[in-house]
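A short worksheet on the structure shown next.
Number of protein chains: 2
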Amino acid sequence: MNPTPLLEASGARTATAQVHEAIKQRILDGVYRPLEFVREAAVAKELEVSRTPVREALRELVSEGWLEAIPHQGARVTEWTEKDAREVFELRLVLEPMAVGLACRHIDAATLAHLDDLASRMETLTETPLDGAGHSELASLNHEFHRLLIQASDNQRLAQILESVVRTSIIRRNFASYDRSALKRSMQHHREMLIAIGAGNAAWAENVMRAHLLAARVLHVSVDSTAASASPP
Amino acid sequence: MNPTPLLEASGARTATAQVHEAIKQRILDGVYRPLEFVREAAVAKELEVSRTPVREALRELVSEGWLEAIPHQGARVTEWTEKDAREVFELRLVLEPMAVGLACRHIDAATLAHLDDLASRMETLTETPLDGAGHSELASLNHEFHRLLIQASDNQRLAQILESVVRTSIIRRNFASYDRSALKRSMQHHREMLIAIGAGNAAWAENVMRAHLLAARVLHVSVDSTAASASPP
DNA sequence: ACTCTTACGATTGCATGCAATGTAAGAGAT
DNA sequence: ATCTCTTACATTGCATGCAATCGTAAGAGT
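In the order they appear, the protein sequences are chains A and B. Here the first sequence is numbered in this note's numbering, starting from 1 and rising by one per residue. Here the second sequence is numbered in this note's numbering, starting from 1 and rising by one per residue.
See below:
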């Protein structure tokens, strides 16, 4: 076996890429808390690399919004405020419907089948009471469902933007706060979206997505009823 | 005076930040052409710094989409295709109306006055025939107008996304292809938006913005009439 | 007791040398 | 002539040492 297995697990990529992943994971896992500084030397020692790849990984993470850089002082985990949650939801509420709308034009049968499979597996999961592992698996499947849908929009920039916007906001947000009826409704939204997409009905799909997101919002944030909707294009 | 004034012009920031700006400017100016590799050693020698700040600047530019990294081979300027132009326009067509809609709720009198001033100066410019410098100034004012409007949306993420999406697409796109009537129409759009915002009428402002962008598109890209509009929220 | 100054420690910022890797040119065989 | 293997070179990837800078806490002065 390898004598230094600390980073080797993630394939044969560059050290910078591996450090990048490692730090991101620790942020997601809550090992590095908001406003806490991530010190170059400490990470380097812990992962058994020099400070150089750590520095480069930190700069990348700053560009992606995971950390904020303070000159001559270091990089610290970005804080997550109510305003951040609001901003992200405003964006998702516009961008995800846009994505499914575009997907209606571009999607192929194989992707649709894959989405169908994911929806089925989620439905199966929700038929029995869920433990912790079940919630985790459901969250994973759900994330994959949305990711695949967004990829099908055939707009690479949109996909990248949504990926970064959504992932930084998740931080292990799961379905623990969903009651039984909310869960079933969420699964039905997925189904309905696939039917709308299969029918090529963009408007239908977009509105189901908006309903899906708004329904989720009530469960996650203290809803401010700024329900002032935007106007039709 | 300083004996090495090559980079000192841009204030007293870090070398990395200055190299970052320098390379970005050269991409915008066309010194570095699409698909051309930007070599660490060459930039370092030219700007009289070591390879370290160059490496860090390159990584940042990759994260921002100006360059694409190829492992062990370097970073090259991203190519700009018709598909890229389409993607960016699809995004702007959704995000900029969203921004002005939000701005209707959050804007303050001072910002509105500033926007009014910018609109006036652009109108003055368009009253006489334009030379190259005039086009450049108009483009600059126009960019500032849109930037300020987007800031007024009070959604920091939206502003950052639009900034990156729009700026990488500009590459010195100016108003040279605008004829007289198109220019005047564009200026009127600005005015109308400000009036709509002043009246707090989000739907009005959003639709003017969409018209503004669609009118600009016909002048820039070979329009594909995929005028299939999205549905109302 | 409070404020301003100053010196120290910790941390990032930058330079440079060496190792790893990928590319391309050239020799040899078919 | 074409294909393959080898080898040398150019370039990035990484490690390490030193310099610049910032925060902090101790100490002098009011």
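Just so you know, even glycine gets a beta-carbon here, dropped at the ideal spot from N, CA and C.
(message) I believe Arg-157(A) touches Val-165(B) by the beta-carbon criterion, under 8 Å. Please report the beta-carbon distance rounded to the nearest angstrom.
(response) 7 Å
Span separating the alpha-carbon of Gly-74(A) from that of Glu-87(A) = Each residue's Cα considered, the two are about 26 Å apart.
Distance between beta carbons of Glu-60(B) and Arg-59(A), contact taken as under 8 Å
That belief holds up - the Cβ atoms of Arg-59(A) and Glu-60(B) are roughly 6 Å apart, short of 8 Å.
Review point. In chain A, what lies closer than 9 Å to Met-122(B) by C-beta?
Key: Chain A residues near Met-122(B): none, gap ~26 Å exceeds 9 Å.
What separation, rounded to the nearest whole angstrom, lies between the Cα atoms of Asn-207(A) and Pro-97(A)?
7 Å
Q) Ile-107(A) lies in the alpha helix (DSSP H); which residues open and close that run? A) Note, Ile-107(A): premise wrong, no alpha helix (DSSP H); not H, not E.
Exercise for the section: Could you confirm whether any beta carbon from chain A is found closer than 8 Å to the beta carbon of Pro-34(B)? Expected result: No, because no Cβ of chain A sits closer than 8 Å to the Cβ of Pro-34(B).
Q: Could you please tell me which residues of the segment 140–173 of chain B, in chain order, have their CB closer than 7 Å to any CB of chain A?
A: Residues of the segment 140–173 of chain B whose Cβ lies closer than 7 Å to any Cβ of chain A, in chain order: Asn-155, Gln-156, Arg-157, Leu-158, Ile-161 and Val-165.
Name the residue from Met-187(B), His-106(B), Arg-180(B) and Arg-185(B) whose alpha carbon lies nearest to the alpha carbon of Gly-198(B).
His-106(B)
Segment contact, 8 Å Cβ cut-off, at least three pairs: the segment 139–148 of chain A with the segment 110–130 of chain A:
Two segments are said to touch when three or more pairs of C-beta atoms, one from each, lie closer than 8 Å; by this definition the segment 139–148 of chain A touches the segment 110–130 of chain A.
query = Which residues in the same chain as Asn-155(B) place their Cβ atom closer than 7 Å to its Cβ, once the five residues preceding and following it in sequence are excluded?
reply = Leu-102
Please state if the CB of Ala-85(B) and the CB of Leu-47(B) are separated by a distance shorter than 8 Å.
Not closer than 8 Å, so no.
Does Lys-24(A) pass the burial test, meaning 16 or more other C-beta atoms within 10 Å, or should it be called exposed?
buried
Pull up the distance between the alpha-carbon of Arg-217(A) and that of Phe-89(A), whole angstroms please.
8 Å
Residue(s) in a DSSP beta bridge with Ile-70(B): Gly-74(B)
According to the neighbour-count rule (16 or more other Cβ atoms, all chains shown, within 10 Å of its Cβ), is Glu-36(A) buried or exposed? By the 10 Å Cβ count, Glu-36(A) comes out exposed.
task: Report the rounded CA-to-CA distance for Cys-104(A) versus Gly-200(A), giving the unit in angstroms.
output: Put simply, the backbone Cα of Cys-104(A) is about 5 Å away from that of Gly-200(A).
| said: Just to confirm, is the Cβ distance from Leu-194(A) to Leu-112(A) under 8 Å? | reply: A contact, by the Cβ cut-off of 8 Å.
Discussion item. Please classify Leu-56(B) as buried or exposed, where buried requires at least 16 neighbouring CB atoms within 10 angstroms.
Written reply: Note on identity: in this sequence residue 56(B) is Glu, with Leu being the wrong assignment. So Glu-56(B) counts as buried.
Exercise. Cα separation between Gln-160(B) and Pro-34(A)?
Worked result: 21 Å
Requested in this report: Indicate the three-state DSSP secondary structure (helix, strand or coil) for Ala-17(B) in the structure shown.
Outcome: helix
Thr-78(A) beta carbon less than 8 Å from that of Leu-67(A): yes
| task | Report, in whole angstroms, the separation of the C-beta atoms of Val-54(B) and Ala-44(B), which I expect to be a contact under 8 Å. | result | 5 Å
Discussion item. Can you pull out the residues from the segment 84–98 of chain B whose beta carbon lies closer than 9 Å to at least one beta carbon of chain A?
Written reply: Along the segment 84–98 of chain B, the positions whose C-beta sits under 9 Å from a C-beta of chain A are Asp-84, Arg-86, Glu-87, Val-88, Glu-90, Leu-91, Leu-93, Val-94, Leu-95, Pro-97 and Met-98, read in chain order.
- [ ] Quick one: using the 10 Å Cβ neighbour count with 16 as the cut-off for buried, is Trp-80(A) buried or exposed?
- [x] exposed
Q. Three-state secondary structure (DSSP) at Val-38(B)?
A. strand
**Request:** Verify the CB distance criterion: does Thr-78(B) have a CB-CB separation below 8 Å to chain A?
**Result:** no
Practice item. Consult DSSP for Ala-113(B) and reduce its assignment to one of helix, strand or coil. Key: helix
Cα-Cα separation between Ala-228(B) and Ala-203(A), rounded to whole angstroms
Only weak support exists for where Ala-228(B) lies, its pLDDT of 46 falling under 50; the coordinates are left without a value.
Closer than 8 Å at the beta carbon, the chain B residues around Pro-53(A) = Here the premise fails: no neighbours, minimum Cβ distance about 11 Å.
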